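In our numbering, the protein residues as written are -16 to 381. Report on one structure; see the data block that follows.
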């Protein structure tokens, strides 16, 4: 608005007068109470919500019509009676006393305007819509959504006082399956420590000065041991930096997130865990395979290919999901059959779930090894075993 000057007011422990007791007055009163103001409401009647605040002693209520003396000692006044004559009188009294006035429904004759406000973490966004409250709200919501998704930068200009580590599950690799919270933390990060299976395309969105550390492990090849990864997280956090440990899938599903959490906490580092979409379920879904399905499967187990499979349920109605098991597929199939699993149990191997080069190979416990070798199945791949595989569009085997 012409002649306006954007400004934030500290109203904590200061007197603010609200003239009116309807819904607008109620919303404004609640906002002022949140900001710590001492609120006096002047109105013959009030809403039930305001009555609750009054009964708790949060608000002083003057149960009568407005009088000029109600503004004595006030720093700010909100008028929202719905009566133009009363609102105009309040505004005139405020002008004469040099008190800022929020004039409900008549921004052109106010001396102060309430912006649409959103808070995301420690960031507060206030939007003025030129007197159009609906316009301001729409803009506020759009900015807040961009902050929450990480599309706008949230990095601190100074280091986090005590350091901070976030263990973020990146999902099965598709950046669209990274959670909004994960994206927001990436937008705040000073350091990102990532795995081979994390959604690496999001790294291109980071600011140039963000330190990016690759600690990816290959099957049977761990060039950077877990203990060293823990030390990296702790070292950077102790430098007062925000550190994001970006993992594939979920940090707590064979992601060693628990070990990293314990190491950081023992070092006195604050840690947040952000769950991710685990590939154990998501990659099966990408191939059209539900790990449970009414009348087909009522439970599932998730194990790694390194696990002793003898003790797993043998029913075809119990789905088995094997992670990191491509290199030991033959051994796993033989072990399951030897433990009593039906050799004709359907099996699917899903390579590069959700990627453009996703491939599904199907067979049975007795044939899957030969089929996988024939087409050259390679990690990363998830193995799904059970009758639910027959629900996949790739079934039956060609």
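Idealized CB from N, CA, C, for every residue including glycine. Quantities reported herein were computed from a predicted structural model and do not represent experimental measurements.
Between which two residues does the beta strand (DSSP E) carrying residue 267 extend? That residue, residue 267, is in no beta strand (DSSP E); its alpha helix (DSSP H) goes 262 to 269.
So, is residue 85 buried or exposed, given that buried needs 16 or more other C-beta atoms within 10 angstroms? buried
Evaluate contact between the region 116 to 133 and the region 300 to 317, counting only Cβ atoms and requiring at least three cross-stretch pairs below 8 Å. no
Measuring alpha carbon to alpha carbon, tell me which residue in 153, 116, 108, 119 is nearest residue 131. 108
I'd like the list of long-range same chain contacts for residue 265, defined as Cβ closer than 6 Å, with 5 residues on each side in sequence excluded. 155
Judging by CA-CA distance, which residue of 45, 64, 39 is the nearest neighbour of residue 7? 64
Under a three-way DSSP split, which group does residue 45 fall into? strand
Of all the options 245, 190, 230, 234, which has the alpha carbon lying nearest to the alpha carbon of residue 217? 245
Whose CA, out of 334, 365, 51, lies closest to the CA of residue 69? 51
Which full runs of the beta strand (DSSP E) of 3+ residues lie inside the region 100 to 140, going along the chain? 106 to 110
6 Å CB neighbourhood of residue 138 in its chain, flanking five on each side removed: 171
Let me check understanding here. Comparing Cα to Cα, which of 179, 211, 115, 67 lies closest to residue 362? 179
If you compare alpha carbons, which of 373, 294, 160, 104 is closest to residue 338? 160
Do the region 174 to 191 and the region 223 to 231 meet, that is, are 3 or more Cβ pairs less than 8 Å apart? yes
Do you know whose CA, among 23, 39, 97, lies nearest residue 1's CA? 23
Using only alpha-carbon positions, find the residue among 111, 267, 239 that is nearest to residue 342. 267
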